[in-house]
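Undergrad: This is the structure, below, for whatever I ask next.
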Amino acid sequence: MSDVCIVGAGIHPFGRTEGRDGMDQGVYAVNQALADTGIKWEDVEFAFGGSAASGAADTMVSKLGLTGIQFINVSNGCATGGSALNAAASAIKSGEYEMGMAVGFDKHPRGAFNADPAAYGLPNWYGEAGYMLTTQFFGAKIMRYLHENGLSTEALGRVSEKAFRNGAKTDHAWRRSEVDLETIMNAPMISDPLNKYMFCSPAEGAVALILASEKKAKELGGPMIRLKTSVMRTRPPGSFEVFAASIDNERGGTATELAAKAAFEQAGMGPEDIDVAQLQDTEAGAEIMHMAENGFCAHGDQEKWLVEGRTEINGALPVNTDGGCLACGEPIGASGLRQVYENVIQLRGTAGEHQVPGDPKTAYTQVYGAPGVAAVTILQR
Amino acid sequence: MGAQPIADNLFTDDNMTALVGARNKQTGHIFFPMPLTENDDIEPIALASRGTVWTYTVQRFPPKTPYAGPADPMNFKPYVVAYVSLPGQTMVESRLTGMEPEDVKIGMEVELTAIPLDPDAPADEQIMIHAFQPV
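Order-wise, the sequence lines are chains A and B.
Just add 511 to wherever you are in the first sequence, counting from 1, and you've got my numbering.
Just add 215 to wherever you are in the second sequence, counting from 1, and you've got my numbering.
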């Protein structure tokens, strides 16, 4: 079967853009992706897209052009972008289409996501008594993980320090200033052991990717960035997810582990073959857990890796080279596609100040989020 | 009217001595709390009142609505939220009480109690929520 290639990529800078709504940021990203590919909107045969809070993606056609295109909306929680990409790749693999688009965008209000207990099947008392906070989940989950694996809270600080260092070098990032480890470790606590420098913020942003068949990609003549696999998985029994009034005593695996395993199998590769990785870092602890859940290191080895700088841009396995969610914020619909965008520019060698040295050939992304979903992609040049 | 539990089906009785858990009659799977909608396969059971702290965090800032407890930023008191492992049943999300956040240890033994959502409310108007305290 022929590979699906990513032939164009566009991004609207993440962060806060007053006066431009989420969908207009999506349109901005699409126009940039079209220009990057060297095609017109009329050349795009189909699209999959989504946002969590900024409206139905298919209505973008009123801004992009009424070409009659097939445009399918994707709503898949934190995996919305990953699922759009997955669906777009399948449409090309099926042979029905030669070239199409995956787009994700969002614009969230400031502060932590507000949540309604009933929407999660929970009684009102759960919110009234003070449990309806995503930050508590992240704190409790990483508290246990650090305890089980003998890791210190300084490991969390090191993840944040790296994120801001990389974000400072990245045009599309939101947080563009470095923060030193001491400042991070002394910041006010939000939900122990996580403090204010260890959480990402909801934010805004958009990403569009143009996908094409191998044949079409060769015609276009750009660098051949192959999407070796795109996998989405939901949680297995015994996982630990947000807004759980109870969790099983018997602990199980994670959606990320399932997605990672399937992705490596489909791509015929292992973690040791990856040159650069973008891993979900909703908070600093997530990056630590995901280093191991994706198979890059053993549980408990993360702090050693961080101290040795192995996940820095010039390390053995650079992780979150654009500063990840910690530096870019997390517009839900766009976040997973931002990771892929970052890998596309890394593989093209056009990432500028945050370019991974040594001509990277393989790149990995993993998104994880509510309600227990994960999506993984592997790109190869 | 004395102090009232925050919800009717949270505790097994007026003395708030045990939490109501849910048990799937087919699979034996136990969870908490009872589902919002009726289900013939799910029956209520009394959960154990003693367990151990599996993990915890501290709520350091006053939550937004739907939180109904005291949320004045000037005198908000951080509270501990834990998962308490009840042997052979499930792990229940619960506040911890009777200890400072700094004194919480994973693995410590705790037992169920009930605490007022707002300790400053008049005694006969207090709304009670579940919590676990050191044994």
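We put the beta carbon where it would ideally sit given N, CA and C, even for glycine.
Everything numeric in this text was worked out from a predicted model, so none of it was measured.
1. Whose C-beta lies closer than 8 Å to the C-beta of GLY588 of chain A among residues of the same chain, with five residues either side of it excluded?
2. On the three-state DSSP scale, how would you describe PHE754 of chain A?
3. Would you mind giving the Cβ-Cβ distance between GLN891 of chain A and LYS739 of chain A, rounded to the nearest angstrom? I have them listed as a contact below 8 Å.
4. Name the two residues that bound the continuous beta strand (DSSP E) containing ASN677 of chain A.
5. Per DSSP, what kind of secondary structure is LEU731 of chain A in: helix, strand or coil?
6. Between which two residues does the beta strand (DSSP E) containing ARG859 of chain A stretch?
7. Establish whether the CB of ARG238 of chain B and some CB of chain A are separated by less than 8 Å.
8. Along the chain, which unbroken stretches of the beta strand (DSSP E) at least 3 residues long are found entirely within the segment 588 to 649 of chain A?
9. Taking DSSP's pairing of strands, which residues face VAL515 of chain A in a bridge?
10. Are the beta-carbon atoms belonging to GLY796 of chain A and VAL518 of chain A less than 8 Å from one another?
11. May I ask you to list, following chain order, the residues of the segment 220 to 238 of chain B that have a beta carbon less than 7 Å from some beta carbon of chain A?
12. Go to TRP269 of chain B, then tell me how far its beta strand (DSSP E) extends in each direction, as first and last residue.
13. Which first and last residues belong to the beta strand (DSSP E) in which LEU327 of chain B is found?
14. If you draw a straight line from the C-alpha of LYS673 of chain A to the C-alpha of ALA222 of chain B, how long is it?
15. Determine whether the Cβ of PHE246 of chain B lies closer than 8 Å to any Cβ atom of chain A.
16. Looking only at C-alpha atoms, which of A:MET610, A:PRO829, A:ASN706 sits nearest to GLY549 of chain A?
17. On the DSSP letters alone, give me the boundaries of the beta strand (DSSP E) that LEU575 of chain A sits inside.
18. Going along chain B, which residues have a C-beta under 8 Å from HIS619 of chain A?
19. Tell me which residue opens and which closes the beta strand (DSSP E) that ALA885 of chain A is part of.
20. So is ALA755 of chain A in contact with chain B if we call contact Cβ pairs under 8 Å?
21. Between A:ALA755, A:VAL538, A:ASP532, which has its C-alpha nearest ALA520 of chain A's C-alpha?
22. Starting from the Cα of VAL303 of chain B, find the closest Cα among B:ILE245, B:PRO278, B:MET231, B:ASN224 and give me that residue.
23. Contact criterion: CB-CB distance below 8 Å. Does GLY796 of chain A meet it with respect to chain B?
24. Determine, for SER264 of chain B, whether the minimum Cβ-Cβ distance to residues of chain A falls below 8 Å.
25. What ranges does the beta strand (DSSP E) occupy inside the segment 224 to 263 of chain B, keeping only unbroken runs of at least 3 residues that lie completely in it?
26. Just to confirm before moving on: does the CB-CB distance between VAL299 of chain B and VAL268 of chain B stay below 8 Å?
27. Does the CB of ILE257 of chain B have a neighbour CB from chain A at under 8 Å?
28. Assign PHE775 of chain A to one of three DSSP states: helix, strand, or coil.
29. Note down the Cα distance separating SER712 of chain A from GLY284 of chain B, rounded to an integer number of angstroms.
30. Within the same chain, show all residues whose beta-carbon is closer than 6 Å to that of GLN536 of chain A, passing over the 5 residues directly before and after it, in chain order.
31. Identify each residue in the segment 639 to 655 of chain A for which the Cβ-Cβ distance to at least one residue of chain B is less than 9 Å, and report them in chain order.
32. Hey, how far is the Cα of THR312 of chain B from the Cα of PRO349 of chain B?
33. What's the gap between the Cα of VAL296 of chain B and the Cα of MET654 of chain A?
34. Sort B:ASN254, B:ASP335, B:PRO259 by Cα distance to ASP228 of chain B and report the nearest one.
TA: Reading off the structure:
1. By one-based count along the first sequence, residue 588 of chain A stands at place 77. Only ALA563, ILE843, GLY880, ALA881, PRO882, VAL884 meet the Cβ criterion.
2. Reading the first sequence from its first residue, position 243 is the one you call residue 754 of chain A. It is coil, neither helix nor strand.
3. Position 380 of the first sequence, counted from the first residue, corresponds to residue 891 of chain A. Position 228 of the first sequence, counted from the first residue, corresponds to residue 739 of chain A. Their Cβ separation, rounded to whole angstroms, is 5 Å, which keeps GLN891 of chain A and LYS739 of chain A in contact under 8 Å.
4. For the purposes of this step, residue 677 of chain A is identified with residue 166 of the first sequence, where counting begins at 1. Run containing ASN677 of chain A: none in the beta strand (DSSP E); it sits in the alpha helix (DSSP H), 664 to 678.
5. Working through the first sequence from its first residue, we reach residue 731 of chain A at position 220. In this structure, DSSP gives LEU731 of chain A a helical state, which the three-state scheme calls helix.
6. The sequence position of residue 859 of chain A within the first sequence is 348, counting from 1. In the DSSP assignment, ARG859 of chain A falls outside any beta strand (DSSP E) and lies within the alpha helix (DSSP H) extending over 843 to 859.
7. On the second sequence, residue 238 of chain B is found 23 positions in, with the first residue counted as 1. With 8 Å as the cut-off, ARG238 of chain B does not count as an interface residue toward chain A.
8. Counting only runs of 3 or more, we get 610 to 618.
9. For the purposes of this step, residue 515 of chain A is identified with residue 4 of the first sequence, where counting begins at 1. VAL515 of chain A has A:SER724, A:LEU738 as its beta-bridge partners, per DSSP.
10. Sequence index remark: in the first sequence, residue 796 of chain A carries index 285 (1-based). Sequence index remark: in the first sequence, residue 518 of chain A carries index 7 (1-based). No, these two residues do not count as a Cβ contact at 8 Å.
11. Correct list: ILE221, ALA222, LEU225.
12. In the second sequence, the residue the question calls residue 269 of chain B occupies position 54. TRP269 of chain B -> beta strand (DSSP E) spans 265 to 274.
13. As a first step, residue 327 of chain B must be located in the second sequence, where it is residue number 112. Segment 324 to 331, the beta strand (DSSP E) holding LEU327 of chain B.
14. Start at 1 with the first residue of the first sequence, and residue 673 of chain A comes out as number 162. Start at 1 with the first residue of the second sequence, and residue 222 of chain B comes out as number 7. About 45 Å.
15. Position 31 of the second sequence holds residue 246 of chain B. At least one chain A Cβ lies under 8 Å of PHE246 of chain B.
16. The count along the first sequence starts at 1 and reaches residue 549 of chain A at position 38. Taking only the C-alpha atoms, the option nearest GLY549 of chain A is A:MET610.
17. Reading the first sequence from its first residue, position 64 is the one you call residue 575 of chain A. Unbroken run through LEU575 of chain A is the alpha helix (DSSP H), 572 to 575; no beta strand (DSSP E).
18. Numbered from its first residue, the first sequence carries residue 619 of chain A at position 108. Residues of chain B passing the Cβ test: none, with the nearest at roughly 14 Å.
19. Here residue 885 of chain A refers to the residue found at position 374 of the first sequence. That run of the beta strand (DSSP E) goes 884 to 891.
20. Mapped onto the first sequence, residue 755 of chain A falls at position 244. Answer yes: the Cβ-Cβ gap between ALA755 of chain A and chain B drops below 8 Å somewhere.
21. Locating residue 520 of chain A in the first sequence gives position 9, counting from the first residue. Ranking the options by Cα distance to ALA520 of chain A, first place goes to A:VAL538.
22. Taking the second sequence and counting its residues from 1, one reaches residue 303 of chain B at position 88. Correcting the residue identity first, residue 303 of chain B is Gly in this sequence and not Val. Cα-wise, what sits closest to GLY303 of chain B is B:ILE245.
23. The residue given as residue 796 of chain A occupies position 285 in the first sequence. Not closer than 8 Å to any Cβ of chain B, the Cβ of GLY796 of chain A fails to qualify, so no.
24. In the second sequence, residue 264 of chain B corresponds to position 49, counting from 1. No - not a single Cβ of chain A is within 8 Å of the one on SER264 of chain B.
25. Every beta strand (DSSP E) of 3 residues or more that sits fully in the segment 224 to 263 of chain B is shown, in chain order, as 235 to 239, 257 to 261.
26. As a working mapping, residue 299 of chain B is identified with position 84 in the second sequence. As a working mapping, residue 268 of chain B is identified with position 53 in the second sequence. In this structure, VAL299 of chain B lies near VAL268 of chain B, with their beta-carbon atoms less than 8 Å apart.
27. On the second sequence, residue 257 of chain B is found 42 positions in, with the first residue counted as 1. Chain A, which has no Cβ nearer than 8 Å to the Cβ of ILE257 of chain B, makes this no.
28. Looking up residue 775 of chain A in the first sequence gives position 264. Helix.
29. Working through the first sequence from its first residue, we reach residue 712 of chain A at position 201. Working through the second sequence from its first residue, we reach residue 284 of chain B at position 69. If you take the alpha carbons of SER712 of chain A and GLY284 of chain B, they lie about 25 Å apart.
30. Within the first sequence, numbered from 1, the residue matching residue 536 of chain A stands at position 25. Answer for GLN536 of chain A: HIS523, PHE616, ALA717, listed in chain order.
31. Here the close residues are GLU639, ALA640, GLY641, TYR642, MET643, LEU644, THR646, GLN647, PHE648, PHE649, GLY650, ALA651, LYS652, ILE653, MET654, ARG655.
32. Sequence index remark: in the second sequence, residue 312 of chain B carries index 97 (1-based). Sequence index remark: in the second sequence, residue 349 of chain B carries index 134 (1-based). For the pair THR312 of chain B and PRO349 of chain B, the Cα-to-Cα distance works out to about 8 Å.
33. As a first step, residue 296 of chain B is located in the second sequence; it is residue number 81 there, counting from the start. As a first step, residue 654 of chain A is located in the first sequence; it is residue number 143 there, counting from the start. Cα to Cα, the separation comes out at about 12 Å.
34. Here residue 228 of chain B refers to the residue found at position 13 of the second sequence. Relative to the Cα of ASP228 of chain B, the nearest Cα in the group B:ASN254, B:ASP335, B:PRO259 belongs to B:PRO259.
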